[in-house]
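Below you'll find the structure, written out as C-alpha cells, and then a few comments.
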Amino acid sequence: MYGREVPAYTTLLEVSHDVNADVVRARGADAERLGSIDRVTAERHGAIRVGTPAELQQVARIFGAMGMHPVGFYDLRDASSSSVPVISTAFRPIDRAELARNPFRVFTSMLVPSDRRFFSADLQARLETFLDARTLFGPELLALADRAEADGGLAGDDAAEFLRLATAAFELGREPVDQAWYRELEAVSAVAADIGGVPSTHINHLTPRVLDIDDLYARMEARGITMIDAIQGPPLWEGPDVLLRQTSFRALAEPRTFRTPDGDVVQDSLRVRFGEVEARGIALTREGRARYDAAIAEGATPEVWRRTFPDTEAGLVEQGLGWFTYEVTDDGAGAPVVRREPVVYEDFLPRSAAGIFQSNLTEEGSKDASQAGAERDADWMAGAVGRELHDPFDLYAAQVAASLAAAAHRLGVAPETLAATPSVPTTTSTGADA
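Each step along the sequence shown adds one to the number in our numbering, with nothing skipped, and position 3 is 101.
Following this line, the structure appears as C-alpha cells:
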C-alpha cells in the first residue's frame, strides 16, 4: 500500500536490498553479527501520528493484536529548533524471539494541543473540537483487534478482514482537506497540520533497515533522488556501531484536494511524507547513553566519538557501556565456550527523529519559547495509552540477565562470574537475531 502511495519508497527498498546483498558478499558472516540477513531484509519501522489520548488508546489496541507493546517515551518538542509539538512512543514486540519473528516497530506521535508554546487557548479549543469529532478506526476493526489480543490470534477469514480494515485505516485520505484550517495549523507546525488538519491518519514513513547507510545514501542520490542533508545519529567511524543511524529522501509533493473557504474543491499538493532508512547498532547502557547524549551535544564528529567511546566491543563491555548476551556453545572439541553477542538497539532517538522531521519541513513553523510548556513524561504517556509503558533499558537488562542466568546454570557457576569477565572467548554468529 505504501509503495503505491509513495513510489520512491519502492526505489528505497530496491537500493536497500542491493546494498545489503553487497555487504553480505563482502563481509560474509560478520555482516550478520547484528541480525541475520533474513531478519534485516524483512525489518521495518513505520511512523504514524494521532491527535488525542483516545486515538492513541485505539492504536494501542490495533498493535496489541499483533503482539506489539508501547516502549519508551520520546519528547520531540524540545529535540529540534523547529516546531514539532508532539510526544511519542513506539509499539513493538518486547520478547527477543518475537522480535526475530516480527521485526516491526511503529513510532507513534501524539499532538499536545495544550502546550502554549505552540497553540493559543482559542486554537487549542478549536483543534480539540476537530479531533474529537473524527473517527480514525471503525468499531469492527477495534472489535477484531480486541478479540485477537484476548485470544492470541484470529481465524483465517477474521484475520484477513482485520488486516484489510487496519491497512485501510492507514491509507492516505481522499476526502478534501479544509484549506483554511490546514494552513492555519501549518503556520504553527507542518506536523500539527498533518495530524489535526485532516480527517484521517496515514503512514508517514515506512523504514527499511540497511547494513551500510552511507553507501545507500550515495546510491539514492546517484539515482536522482534528493536526500536530506545528513545522516542523523552517530558518525561513521572505525569503532563499533551503536544505537541508530537514520536518513531519508526528502518529502515529496503529493497531490491532494482542498476545499476553499468559498466551497470550491481545488487541486494542490502537500509535502508531509518521506522515505526513511536506518542502520542499527549495539544497544547502550544508561552510562553509554549518557556518553552518547554528551557526544551528540558536542558535535558527533569522528574525533568526538574517539574521545567518547572505546573502539572495540570488548571495550564497551569493560566500561559497562553496551549490552551483550552470553551463550554457552561447544568449541568443536567438546569444551564449553561462552560466546558474547551484542544486543541490537530496537528503539529510537528523539533528537534524530526530530532531525528527520525538521529536515523534511518546508517551514520552521512558530514556537513561543517564552510560554510554559505542558508537562508530559513517561507516566503521563502510560496513562494516555492505557497500558504499561515499557522502559527500553529495563528490557535490555532483562534480556542480558536471562542469558547470563542460562549460561551460568549450564556451566555451574554464578552469573556475576560471567558478567565480570569481559575477556570470555567469543565467536562470530552467522544468525544472531538480537
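Cβ atoms here follow ideal geometry from the backbone N, Cα and C, with glycine treated the same way.
Worksheet item: Does the stretch 209-227 come within contact of the stretch 311-326, defined as at least 3 CB pairs closer than 8 angstroms?
Response: no
Fill in: CB-CB length for leucine 209 against valine 182, believed under 8 angstroms
The residue given as residue 209 occupies position 111 in the sequence shown. The residue given as residue 182 occupies position 84 in the sequence shown. Not quite, the Cβ-Cβ distance comes to about 10 angstroms (not below 8 angstroms), so this is no contact.
Practice prompt. Grab the span of the alpha helix (DSSP H) containing glycine 162 for me, first residue to last.
Written response: Sequence index remark: in the sequence shown, residue 162 carries index 64 (1-based). Taken as a continuous stretch (DSSP letters only), the alpha helix (DSSP H) holding glycine 162 covers 151-162.
Worksheet entry | Stretch pair the stretch 293-302 + the stretch 378-392: three plus CB contacts closer than 8 angstroms | no
Discussion item. Can you list, in chain order, the residues of its chain with a C-beta nearer than 7 angstroms to that of glycine 471? Leave out the 5 residues immediately preceding and following it.
Written reply: Locating residue 471 in the sequence shown gives position 373, counting from the first residue. Excluding positions up to five away in sequence, the list reads Arg175, Asp213, Arg215.
Fill in: Strand pairing of leucine 342, partner residues [DSSP]
Walking along the sequence shown from the start, residue 342 turns up at place 244. Answer is Arg378.
Worksheet item: In the stretch 353-416, which residue ranges form an unbroken beta strand (DSSP E) of at least 3 residues, counting only runs that do not cross its ends?
Response: 363-368, 373-378
Practice prompt. Taking phenylalanine 260 as part of the alpha helix (DSSP H), name the residues at either end of that continuous run.
Written response: Sequence index remark: in the sequence shown, residue 260 carries index 162 (1-based). Segment 254-267, the alpha helix (DSSP H) holding phenylalanine 260.
Fill in: DSSP beta-bridge partners of serine 207
In the sequence shown, the residue the question calls residue 207 occupies position 109. Partner(s): Arg147, Ser186.
Worksheet item: Where does tyrosine 443 fall in DSSP's three states?
Response: Here residue 443 refers to the residue found at position 345 when the sequence shown is read from its first residue. Coil, per DSSP.
Discussion item. So the candidates are Pro408, Pro448, Ala503; which of them puts its Cα closest to the Cα of threonine 187?
Written reply: Position 89 of the sequence shown, counted from the first residue, corresponds to residue 187. Threonine 187 has its Cα closest to that of Pro448, out of Pro408, Pro448, Ala503.
Worksheet item: Can you name, in chain order, every residue of its own chain whose Cβ lies under 6 angstroms from the Cβ of alanine 480, other than the five neighbours on each side?
Response: By 1-based counting over the sequence shown, the position of residue 480 is 382. Here the set comprises Leu487.
Discussion item. Suppose contacts are defined by Cβ-Cβ distances below 8 angstroms. Is phenylalanine 407 in contact with glycine 337 by that definition?
Written reply: Residue 407 sits at position 309 when you count from the first residue of the sequence shown. Residue 337 sits at position 239 when you count from the first residue of the sequence shown. Yes, Cβ-Cβ distance for phenylalanine 407 and glycine 337 is below 8 angstroms.
Discussion item. Whole angstroms are fine: how far does the CA of proline 440 sit from the CA of threonine 526?
Written reply: Start at 1 with the first residue of the sequence shown, and residue 526 comes out as number 428. Start at 1 with the first residue of the sequence shown, and residue 440 comes out as number 342. Annotation note: pLDDT 35 at threonine 526 (below 50); position unreliable, coordinate value reported separately. One C-alpha to the other measures close to 10 angstroms.
Practice prompt. Report yes if the C-beta distance between leucine 239 and threonine 206 is below 8 angstroms; otherwise report no.
Written response: Taking the first residue of the sequence shown as position 1, residue 239 is located at position 141. Taking the first residue of the sequence shown as position 1, residue 206 is located at position 108. Their beta carbons are not under 8 angstroms apart, which means leucine 239 does not touch threonine 206 by this criterion.
Fill in: Nearest to arginine 123 (by Cα), restricted to the options Trp403, Leu309, Ala152
Against the sequence shown, residue 123 aligns to sequence position 25. Ranking the options by Cα distance to arginine 123, first place goes to Leu309.
Item to complete: Going by CA-CA distance only, name the one from Ser450, Thr345, Trp279, Ile293 that's closest to threonine 305.
Response: The count along the sequence shown starts at 1 and reaches residue 305 at position 207. Residue Thr345 is the option with its Cα nearest to threonine 305.
Item to complete: Compare the beta carbon distance of valine 204 and aspartate 292 with 8 angstroms and say whether it is the shorter of the two.
Response: Against the sequence shown, residue 204 aligns to sequence position 106. Against the sequence shown, residue 292 aligns to sequence position 194. No, the pair does not count as a contact, with Cβ atoms beyond the cut-off.
Worksheet item: So, tyrosine 172 versus alanine 451, is the Cβ gap smaller than 8 angstroms?
Response: As a position in the sequence shown, residue 172 is number 74, starting the count at 1. As a position in the sequence shown, residue 451 is number 353, starting the count at 1. For tyrosine 172 and alanine 451, yes; Cβs fall inside 8 angstroms.
Worksheet item: Should serine 114 be labelled buried (16 or more other beta-carbon atoms within 10 Å of its own) or exposed?
Response: As a position in the sequence shown, residue 114 is number 16, starting the count at 1. By the 10 Å Cβ count, serine 114 comes out buried.
Fill in: Euclidean distance between Cα positions of leucine 110 and valine 375
For this step, residue 110 is matched to residue 12 along the sequence shown. For this step, residue 375 is matched to residue 277 along the sequence shown. When rounded, the distance between both Cα atoms is 8 angstroms.
Fill in: Separation of valine 435 from arginine 508, as counted between CA atoms
As a working note, residue 508 is residue 410 in the sequence shown. As a working note, residue 435 is residue 337 in the sequence shown. Spanning the two alpha carbons is a distance of roughly 11 angstroms.
Practice prompt. Mind listing, in chain order, the continuous beta strand (DSSP E) runs of no fewer than 3 residues lying wholly within the stretch 279-334?
Written response: 303-306
Fill in: alpha helix (DSSP H) segments (min. 4 residues) lying fully within the stretch 450-513
476-483, 490-509
Discussion item. Using the Cβ count rule (16 or more neighbours within 10 Å means buried), how would you classify leucine 334?
Written reply: Counting from one through the sequence shown, the residue named residue 334 turns up at place 236. Exposed, because fewer than 16 other Cβ atoms sit within 10 Å of the Cβ of leucine 334.
Practice prompt. Determine, using beta-carbon pairs with one atom in the stretch 389-405 and one in the stretch 344-363, whether at least three such pairs fall under 8 angstroms.
Written response: no
Practice prompt. Compute the Euclidean distance between the alpha carbons of alanine 351 and aspartate 362, then round it to the nearest angstrom.
Written response: Indexing the sequence shown from 1 puts residue 351 at position 253. Indexing the sequence shown from 1 puts residue 362 at position 264. In a straight line, the C-alpha of alanine 351 is about 21 angstroms away from that of aspartate 362.
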